[in-house]
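Per this note's numbering: the sequence shown = residues 1 to 405. Ideal Cβ placement from N, Cα and C applies to all residues, glycine included. Since we're looking at a predicted model, the values are computed, not measured. This report refers to the structure that appears directly beneath it.
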Amino acid sequence: MRILISGASVAGPALAYWLNRYGFAVTVVERAPALRKTGGHAVDLFRPAMDIVEQMGALDRVLAEKTGVEHLTMYREGHDKPIELELRRVLTAVSDRHVEIMRDDLSEIFHDATCDDVEYVFGDSIASISDDGEVTFDSGREDRFDLVIGADGLHSNVRRLIFGPESEFSTWIGAYLAVVSVPDHLGLDGRMEGIAGVGRMAAMVAPHMDDARAVFLFRTPEQLDYHYRDVARQKELLRERFEGVGWEVPRLLAELDRTPAFYFDSITQLRLDNWSRGRVTLVGDAGHCPGPAVGGSTSLAVVGAYILAGELAAYGGDHTRAYPAYEAEIGDYVRRSRTFAINAARRIVPGTPFELRALAGMVWLIDHLPAGLTRAAAKISSRGMRLHDSIVLKDYSTHAVARAR
Ligand SMILES: Cc1cc2nc3c(=O)[nH]c(=O)nc-3n(C[C@H](O)[C@H](O)[C@H](O)COP(=O)(O)OP(=O)(O)OC[C@H]3O[C@@H](n4cnc5c(N)ncnc54)[C@H](O)[C@@H]3O)c2cc1C
Numbered sequence: 001m002r003i004l005i006s007g008a009s010v011a012g013p014a015l016a017y018w019l020n021r022y023g024f025a026v027t028v029v030e031r032a033p034a035l036r037k038t039g040g041h042a043v044d045l046f047r048p049a050m051d052i053v054e055q056m057g058a059l060d061r062v063l064a065e066k067t068g069v070e071h072l073t074m075y076r077e078g079h080d081k082p083i084e085l086e087l088r089r090v091l092t093a094v095s096d097r098h099v100e101i102m103r104d105d106l107s108e109i110f111h112d113a114t115c116d117d118v119e120y121v122f123g124d125s126i127a128s129i130s131d132d133g134e135v136t137f138d139s140g141r142e143d144r145f146d147l148v149i150g151a152d153g154l155h156s157n158v159r160r161l162i163f164g165p166e167s168e169f170s171t172w173i174g175a176y177l178a179v180v181s182v183p184d185h186l187g188l189d190g191r192m193e194g195i196a197g198v199g200r201m202a203a204m205v206a207p208h209m210d211d212a213r214a215v216f217l218f219r220t221p222e223q224l225d226y227h228y229r230d231v232a233r234q235k236e237l238l239r240e241r242f243e244g245v246g247w248e249v250p251r252l253l254a255e256l257d258r259t260p261a262f263y264f265d266s267i268t269q270l271r272l273d274n275w276s277r278g279r280v281t282l283v284g285d286a287g288h289c290p291g292p293a294v295g296g297s298t299s300l301a302v303v304g305a306y307i308l309a310g311e312l313a314a315y316g317g318d319h320t321r322a323y324p325a326y327e328a329e330i331g332d333y334v335r336r337s338r339t340f341a342i343n344a345a346r347r348i349v350p351g352t353p354f355e356l357r358a359l360a361g362m363v364w365l366i367d368h369l370p371a372g373l374t375r376a377a378a379k380i381s382s383r384g385m386r387l388h389d390s391i392v393l394k395d396y397s398t399h400a401v402a403r404a405r
């Protein structure tokens, strides 16, 4: 049985790994000419994703590549004295098992775990998918697959081809995110430093790479007017929004004209509640994205891939039964991640002076409470801080022999 996956970042190779392990023949098509090696941004693997990584035999490499960013120094606009925080204390409150890793490192690890058994086609993209599995590619190639799975990110091509335009499913959750590659002039070496104000937050982090990342998050009452390809306008919006902010912000903004890598996007959330049509389904950000940088979507991508492959194996490749089972199994995690992301976006970028004071107070508390107490407080938090750790993974290992070629 032949399965085509679109996208070779996190969800795609993770899904390829499990499908191959269950005996399916897998092809992955990736639009980029090669595996991305620029680092990208840091992503989070929480307990269930870490457990899956361990089952994939990739734990040692993931641990070896972790960013190791463990300390945060956060200034507040209008205050001289920064708040210091051991990030480990926050993260252990959220999850018992967490690793932060650069997205491209994770992608490479998953790719390396699959490339001997899975066919990877770089520099191509799906142009059409017919109801009976006939697929044409931008390159002009044609092929037939039993199933097609979109793992091609928030702006998924497969989703657009099968479900329609993105605007029908995505909702802006009030915030914007920019990431800029900058020289590490602060010598951060595994530390994060930043400044928070009402409606805006800027930080710089150097996760053991040649350069550092400046991250800007801000909120606006209305959606901004710009074209997604108009980088000059996006930089202008960023400069306007962070005008007058102290700390290192003027220097970071000055880097905007020199930076080799600039990312700017609204934080949007996908609101799809069915992810499958006929032979096609979606996994990772393509189907589930609760919002980049605020919803733990990388863990969701890894867990989604594990469940989808597991259900396909359990039903011997019968997608008419496996897809509904996959949707039933992942649905609650997706919906809870959306709520988590909306709350996180509000908390990380406080909208009022009161919320800013509350954030500072919370950070102070986390740093001063004994770790056990912080974890206990997180466990009883009604806002589901321990969302990821509450996910119980089904064991699909008995289906490993359900070869469906
Ligand atoms: C700035 C930023 C910061 C983030 N911070 C965090 C964080 O702190 N923690 C966290 O957990 N997550 C974070 N995320 C989200 C995280 O990166 C994603 O959840 C994760 O990468 C999802 O993996 P994915 O494989 O589903 O999609 P992606 O990583 O988006 O990969 C999609 C892949 O599909 C490919 N593709 C696109 N179009 C096509 C096409 N037409 N044909 C073939 N291939 C195609 C792309 O090239 C890419 O390789 C952040 C995201 C962004 C943008």
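{"Item": "Here's the rule I'm using: 16 or more other beta-carbon atoms within 10 Å means buried, otherwise exposed. How should VAL407 be labelled?", "Value": "Residue coverage of the chain in this structure runs from 1 to 405, which leaves residue 407 outside it and unanswerable."}
{"Item": "Terminal residues of the continuous beta strand (DSSP E) containing TYR75?", "Value": "71 to 76"}
{"Item": "If I measure Cβ to Cβ from ILE109 and keep anything under 8 Å in the same chain, skipping five residues before and after, which residues do I get?", "Value": "ALA58, ARG61, VAL62 and GLU65"}
{"Item": "I'd like the ranges of any beta strand (DSSP E) spanning at least 3 consecutive residues and lying wholly in the region 195 to 279.", "Value": "200 to 205, 212 to 219 and 262 to 270"}
{"Item": "Which residue from PRO290, ALA16, ASP184 and CYS289 puts its Cα closest to that of LEU147?", "Value": "ALA16"}
{"Item": "Classify MET362 as buried or exposed, calling it buried when 16 or more other Cβ atoms lie within 10 Å of its own Cβ.", "Value": "exposed"}
{"Item": "So, is ARG213 buried or exposed, given that buried needs 16 or more other C-beta atoms within 10 angstroms?", "Value": "buried"}
{"Item": "Can you grab the Cα-Cα spacing for the pair ARG36 / ALA178, in whole Å?", "Value": "19 Å"}
{"Item": "Just to confirm, are THR171 and ARG271 a CB contact at a threshold of 7 Å?", "Value": "yes"}
{"Item": "MET410 and VAL205: beta carbons closer than 7 Å?", "Value": "The shown model of the chain, from 1 to 405, leaves out residue 410, and the question about it has no answer."}
{"Item": "Just verifying my parser: in three-state terms, what is the DSSP assignment at ALA58?", "Value": "coil"}
{"Item": "Looking at PRO292 and ligand 1, is the gap between the Cβ and the nearest heavy atom below 6 Å?", "Value": "yes"}
{"Item": "Taking 6 Å as the cut-off, is the C-beta of ASN157 nearer than that to any heavy atom in ligand 1?", "Value": "yes"}
{"Item": "Quick check: what's the CA-CA separation for ARG258 versus ARG346?", "Value": "31 Å"}
{"Item": "Can at least three beta-carbon pairs, one atom from the region 231 to 248 and one from the region 275 to 285, be found at a separation below 8 Å?", "Value": "no"}
{"Item": "Is the distance from the Cβ of GLY199 to the Cβ of ARG219 below 7 Å?", "Value": "yes"}
{"Item": "In the DSSP assignment, what are the bridge partners of TYR408?", "Value": "Residue 408 is absent from the model: the chain starts at 1 and stops at 405."}
{"Item": "Could you pull the start and end residues of the alpha helix (DSSP H) that GLU311 belongs to?", "Value": "297 to 314"}
{"Item": "Select from GLY133, GLY304, GLU84 and GLY194 the residue whose C-alpha is nearest the C-alpha of ARG251.", "Value": "GLY194"}
{"Item": "Can you give me the C-alpha to C-alpha distance between VAL99 and HIS79, rounded to a whole angstrom?", "Value": "32 Å"}
{"Item": "Going along the chain, which residues of its own chain have a beta-carbon closer than 6 Å to the beta-carbon of MET201, five neighbours each way excluded?", "Value": "LEU217 and VAL349"}
{"Item": "Apply the 10 Å Cβ neighbour rule to ASP395 and answer buried if 16 or more other Cβ atoms are within range, or exposed otherwise.", "Value": "exposed"}
{"Item": "When DSSP builds the beta bridges, which residues end up paired with ALA127?", "Value": "Note: ALA127 sits in no beta bridge, so no partner."}
{"Item": "Does ligand 1 have even one heavy atom less than 6 Å from the beta-carbon of TYR263?", "Value": "yes"}
{"Item": "Would you say LEU72 faces chain C, with C-beta separation under 7 Å as the test?", "Value": "Judged by its chain identifiers, the structure shown contains no chain C, having just a single protein chain."}
{"Item": "Identify the residues that DSSP records as bridge partners of LYS66: which are they?", "Value": "ILE101"}
{"Item": "With hydrogens ignored, establish whether the beta-carbon of ASP44 is closer than 6 Å to any heavy atom of ligand 1.", "Value": "yes"}
{"Item": "For SER337, which beta-bridge partners are listed by DSSP?", "Value": "Per DSSP, none; premise fails for SER337."}
{"Item": "Mark HIS407 as exposed unless 16 or more other C-beta atoms lie within 10 angstroms of its C-beta, in which case mark it buried.", "Value": "As shown, the chain starts at 1 and ends at 405. That puts residue 407 outside it, with no answer to give."}
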